[in-house]
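Everything on this sheet refers to the single structure shown next.
Residue numbers (the working numbering): 135 to 258.
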């Protein structure tokens, strides 16, 4: 891995992390349900589907673009470590219904969003 690749990932990761933080701020609610993380995971999956769909039309695109956007920005934006922590918190509180909704919404919603994004640009 080159130093330039690390810089692309780091710059993208910083932007993605800031985006994640801003989404979190916009979802501050007293409900106790991790809506910000669900939203970020679904949106991040949609964006990743769009990026991968676009890259498939560009014969893979440039390494710099892939590293900056897919690995950096979206890697910093989508936070499955936070997903795991939030799910554990719901289970620890014994809020099983919310945990199931959170798990299903994140996984199925993310997969469906990825497929929509990928197919939208692959078919174009």
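Glycine included, each C-beta is placed from N, C-alpha and C at the ideal position.
A quick note: this is a predicted structure, and the numbers were derived from the prediction, not measured.
task: Compare the C-alpha of residue 167 against each of 248, 254, 216 and 249 and name the closest.
output: The residue you call residue 167 lines up with position 33 of the chain shown. It is 216 whose Cα lies nearest to the Cα of residue 167.
- prompt: What is the rounded straight-line gap between the Cα of residue 219 and the Cα of residue 151?
  reply: For the purposes of this step, residue 219 is taken as the residue at position 85 of the chain shown. For the purposes of this step, residue 151 is taken as the residue at position 17 of the chain shown. Using only the alpha carbons, I get a separation of about 17 Å.
- prompt: Are at least three pairs of beta-carbons, each pair with one atom in the segment 138-152 and one in the segment 201-214, less than 8 Å apart?
  reply: Touching, yes, given that three or more Cβ pairs across the two stretches are closer than 8 Å.
CA-to-CA distance, residue 212 to residue 180, given in whole angstroms: For the purposes of this step, residue 180 is identified with residue 46 of the chain shown, where counting begins at 1. For the purposes of this step, residue 212 is identified with residue 78 of the chain shown, where counting begins at 1. Their Cα atoms are separated by approximately 11 Å.
query: Got a sec, what are the start and stop residues for the alpha helix (DSSP H) residue 248 sits in?
result: Working through the chain shown from its first residue, we reach residue 248 at position 114. Where residue 248 is concerned, the enclosing alpha helix (DSSP H) stretches over 230-256.
query: Would a C-beta distance cut-off of 8 Å place residue 183 and residue 249 closer than the cut-off?
result: For this step, residue 183 is matched to residue 49 along the chain shown. For this step, residue 249 is matched to residue 115 along the chain shown. Result yes, Cβ atoms of residue 183 and residue 249 sit closer than 8 Å.
field: Outcome for residue 224 when other beta-carbon atoms lying within 10 angstroms are tallied against a minimum of 16
entry: Indexing the chain shown from 1 puts residue 224 at position 90. Buried: at least 16 other Cβ atoms inside 10 Å.
query: With a Cβ-Cβ cutoff of 8 Å, do residue 170 and residue 158 count as a contact?
result: For the purposes of this step, residue 170 is taken as the residue at position 36 of the chain shown. For the purposes of this step, residue 158 is taken as the residue at position 24 of the chain shown. Yes, these two residues count as a Cβ contact at 8 Å.
- request: Measure the beta-carbon distance from residue 137 to residue 210 and round it to whole angstroms, keeping in mind my assumption that it falls under 8 Å.
  value: By 1-based counting over the chain shown, the position of residue 137 is 3. By 1-based counting over the chain shown, the position of residue 210 is 76. The pair is not a contact, with the Cβ atoms about 19 Å apart (cut-off 8 Å).
query: Leaving out the 5 sequence neighbours to the left and right, which residues in its chain are closer than 7 Å to residue 237 when beta-carbon positions are compared?
result: For the purposes of this step, residue 237 is identified with residue 103 of the chain shown, where counting begins at 1. 221, listed in sequence order.
query: Who are the Cβ neighbours of residue 205 in its own chain at under 6 Å, not counting the five residues just before and after it?
result: For this step, residue 205 is matched to residue 71 along the chain shown. Around residue 205: 143.
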